[in-house]
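Peer 1: Residue numbers (this note's numbering), protein chains in the order written: chain F, 16 to 344; chain S, 16 to 344.
Sending over a structure as structure tokens; questions will come in a sec.
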DNA sequence: GAAGTACGAGAAATCGATTTCGTCAAGAGT
DNA sequence: ACTCTTGACGAAATCGATTTCTCGTACTTC
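Encoded structure:
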């Protein structure tokens, strides 16, 4: 059929009514049965699709929400995205995924885009502490932080109880008989990295640890960082016999480092935050603190949808619990 | 500062020029140095950001490309997305990712959105053969199919040489001494599944295979499908001693099935299309046909950008070669 | 010195849908 | 019988930026 643009005016002409009436039919406003019939028929015949850009300009609003994540290749974030998407599309919203690669500049660009595109709201998994959502807040656009909070009391957030997770990860290793439990965590500027480490530290103290930093390594939440940190730990004069690793990718790297020197998770205890879907961590005897990634996404979407619907109560923080699969094997 | 909307009119007033001039400054048209200075200063002070929706409406064009994929949790597609994004953002385009979950209806919705949103172009990893891009073609919007072709001679496509990959995967198993090599491929309606299977079949014939379908299983490209298919094969009266698996997820499932009965890839040969980032397929002795996912994305983006730039020559099909890592271990 | 050429810039039209404002007519209320 | 609602619907304003169209001034070129 028509290769060209069909506008509301053509539909109006075809149906013998005014453009205003066509718009009313499309948006469910009061219209006579007769007009409605005519307009629908005309729209059908002309294969009319309303121009969303024009609508958005007029309405200053679009049913799209932006989900900004730091790393699209990390399964944790894709699972989270899936959760957001499920809730959002059930509510009639589309989700556009924006990948920042941990780059604050790109994050900032995407925030601008969300704003300039009149998106309904933004769910942000912050790249780092410097994330600046003030423009969104100033324009009163709904925002929800997920995974990491933004240290602002005026922004909704969804997180997990990282400290408790760190604590139980470390405990389960001690309980299994390991005695020198190290910790490989993320960048010291990142909230989740700090909290997970603090959980570990708490357990360590209780088991007579020195409380020093000898067994603590800050890495970058990436595979190579995990590998390097583990290699360092293994090279210590008095190396650990187990480790809590603060995220899934670093655990993959740490595992490589173990295999490199002929160790396995059976002999060197490993507990990790967050699974890696097909890496069969648990089949290899690694203890996993289950991060409810999809649920995080769903909770964030719920919060955001509430705000979009007009809820303007004080900011809420939802804390999800880490499921313990630690006793397994 | 202002929490409210700043328009081009306010900037114009502040700078003492007309809105038209502001627009010219923003778009690099001819303007006197003096005006330019004034406008820039005013825009700066007011923290002006142009409304992209208005611009888009007027220009009937936006610098956003849609990437539509069937499964955001499959690392193959996220790697592909990464490739698209790299090329696109280098060229100044943003990418929005749309996840269809293999649902043709959602795919269709996203195509409509891309159209109604005046997006610059669409890169589509088709959910299945029914994918309908005719609306895009009719409106002369650039489209590129990736991974699977659309069987249309008027649409650019980027694929890999699936048949050759299937052939060499099977061959490498025979070369390693396995004698009954099975094949677990995707849905029979999917092009890539057919071609990979045909490559396997070719090798099988050459090695005296019966050419029957006893050792062939069609599954669904998902983990569970792979597991079930492998379980079936193992339960045969005369089971195979190796298998070519047509994608990464099914291989993960197949592997589970092997472990379930106490087999390992060392004893039961396994060759798979596409790696699974942290599953350490090759460490486990699995032969991997390397799918250049990122490169597929980059190639698709290149093609699309050419079209966006105005190239309207005949449709091209780019075929990338599967890297063989098969001799490894 | 007259005619021709550029160039900077403002006024106004435009993109396509939504929404406000009024009008007109039919039914309700007194 | 007359005013008051109420409902359907067209004309026109609106959203914010871009893009003609036009005009006045300055600079060439014979």
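Each residue gets a CB set at the ideal place from its N, CA and C atoms; glycine is no exception.
In this text, all values refer to a predicted model and were calculated from it rather than measured experimentally.
Would you kindly work out how many angstroms separate the C-alpha atoms of residue 175 of chain S and residue 115 of chain F, rounded to a whole number?
Peer 2: 28 Å
Peer 1: Among the candidates S/268, S/306, S/26 and S/126, whose CA atom is the shortest distance from the CA of residue 199 of chain S?
Peer 2: Ranking the options by Cα distance to residue 199 of chain S, first place goes to S/268.
Peer 1: Under 8 Å between C-beta atoms, does residue 24 of chain S make it to chain F?
Peer 2: Not closer than 8 Å to any Cβ of chain F, the Cβ of residue 24 of chain S fails to qualify, so no.
Peer 1: With which residues is residue 233 of chain S paired in a DSSP beta bridge?
Peer 2: S/200
Peer 1: For residue 317 of chain F, is the classification buried or exposed, using 16 other Cβ atoms within 10 angstroms of its Cβ as the cut-off for buried?
Peer 2: buried
Peer 1: Quick one: grab the DSSP three-state call for residue 78 of chain S.
Peer 2: If DSSP states are grouped into helix, strand and coil, residue 78 of chain S belongs with the strands.
Peer 1: Given that residue 111 of chain S touches chain F, what residues does it touch there, using C-beta distances under 8 Å?
Peer 2: 111, 112 and 113, listed in chain order.
Peer 1: So, does the region 252-263 of chain F touch the region 87-98 of chain F, judging by three or more C-beta pairs under 8 Å?
Peer 2: Output reads yes: the region 87-98 of chain F touches the region 252-263 of chain F.
Peer 1: Below 8 Å, can you find three or more Cβ-Cβ pairs linking the region 94-106 of chain S to the region 308-322 of chain S?
Peer 2: The region 94-106 of chain S is in contact with the region 308-322 of chain S.
Peer 1: Can you list the alpha helix (DSSP H) stretches of 4 or more residues lying completely in the region 129-162 of chain S, in chain order?
Peer 2: Fully enclosed alpha helix (DSSP H) runs of 4 or longer: 149-153.
Peer 1: Apart from the five residues on each side of it in sequence, which residues of its chain come closer than 7 Å, Cβ to Cβ, to residue 151 of chain F?
Peer 2: Correct list, in chain order: 126, 130, 137 and 158.
Peer 1: Taking just the CA atoms, how far does residue 35 of chain F sit from residue 72 of chain S?
Peer 2: Computed Cα separation, rounded: 19 Å.
Peer 1: Report yes if the C-beta distance between residue 298 of chain F and residue 271 of chain F is below 8 Å; otherwise report no.
Peer 2: no
Peer 1: Could you run through the region 295-320 of chain S and flag, in chain order, every residue whose CB is less than 8 Å away from some CB of chain F?
Peer 2: 295 and 298
Peer 1: Where do the N-terminal and C-terminal ends of the beta strand (DSSP E) with residue 284 of chain S fall, by residue?
Peer 2: Its beta strand (DSSP E) spans residues 284-288.
Peer 1: Where do the ends of the alpha helix (DSSP H) carrying residue 316 of chain S lie?
Peer 2: 308-323
Peer 1: Within the continuous alpha helix (DSSP H) that includes residue 239 of chain S, where are the two ends?
Peer 2: 238-249
Peer 1: Pull up the distance between the alpha-carbon of residue 337 of chain S and that of residue 312 of chain S, whole angstroms please.
Peer 2: In a straight line, the C-alpha of residue 337 of chain S is about 14 Å away from that of residue 312 of chain S.
Peer 1: Measure the CB-CB distance between residue 314 of chain S and residue 173 of chain S and report whether it falls below 8 Å.
Peer 2: yes
Peer 1: Determine contact between the region 159-172 of chain S and the region 272-283 of chain S, defined as no fewer than three beta-carbon pairs at a distance below 8 Å.
Peer 2: no
Peer 1: Within its chain, find whatever has a CB closer than 8 Å to the CB of residue 348 of chain S; leave out the 5 residues flanking it on each side and keep chain order.
Peer 2: No statement about residue 348 of chain S is possible, as the shown extent of chain S runs from 16 to 344 and does not include it.
Peer 1: Can you tell me the Cα-Cα spacing of residue 156 of chain S and residue 120 of chain S, whole angstroms?
Peer 2: 20 Å
Peer 1: Using the beta-carbon of each residue, which ones in chain F are nearer than 9 Å to residue 71 of chain S?
Peer 2: 68, 71, 72 and 132
Peer 1: Indicate whether residue 108 of chain F and residue 128 of chain F have their beta-carbon atoms separated by less than 8 Å.
Peer 2: One thing to note: residue 108 of chain F has its Cβ no nearer than 8 Å to the Cβ of residue 128 of chain F.
Peer 1: Roughly how many whole angstroms lie between the Cα atoms of residue 111 of chain S and residue 112 of chain F?
Peer 2: Going by the C-alpha atoms only, they are around 6 Å apart.
Peer 1: Interface residues of chain F around residue 327 of chain S at Cβ under 7 Å?
Peer 2: Here the premise fails: no neighbours, minimum Cβ distance about 14 Å.
Peer 1: When the distance is taken between beta carbons, is residue 309 of chain S closer than 8 Å to residue 187 of chain S?
Peer 2: Going by C-beta atoms, residue 187 of chain S is not nearer than 8 Å to residue 309 of chain S.
Peer 1: Name the chain S residues whose beta carbon is nearer than 8 Å to that of residue 127 of chain F?
Peer 2: Within 8 Å Cβ-Cβ: 64.
Peer 1: Whose Cβ in chain F lies nearer than 8 Å to the Cβ of residue 94 of chain S?
Peer 2: 88
Peer 1: Please report how far the alpha carbon of residue 87 of chain F lies from the alpha carbon of residue 86 of chain S, in whole angstroms.
Peer 2: In this structure, the CA atom of residue 87 of chain F is about 13 Å from the CA atom of residue 86 of chain S.
Peer 1: DSSP puts residue 176 of chain F in a beta bridge; with which residues?
Peer 2: Residue 176 of chain F is not bridged to any residue.
Peer 1: Below 8 Å on the Cβ atoms is my contact criterion, and I expect residue 255 of chain F with residue 197 of chain F to pass it. Report the Cβ-Cβ distance as a whole number of Å.
Peer 2: Right, the Cβ-Cβ distance comes to about 4 Å (below 8 Å), so this counts as a contact.
Peer 1: What does residue 111 of chain F pair with, by DSSP beta-bridge criteria?
Peer 2: F/81
Peer 1: Rounded to the nearest angstrom, what separates residue 194 of chain F and residue 215 of chain F at their Cα positions?
Peer 2: Their Cα atoms are separated by approximately 13 Å.
Peer 1: Which of the three DSSP states, helix, strand or coil, is assigned to residue 331 of chain S?
Peer 2: coil
Peer 1: Quick one: list the residues of chain F neighbouring residue 100 of chain S, beta-carbon separation under 9 Å, in chain order.
Peer 2: 87, 114 and 116
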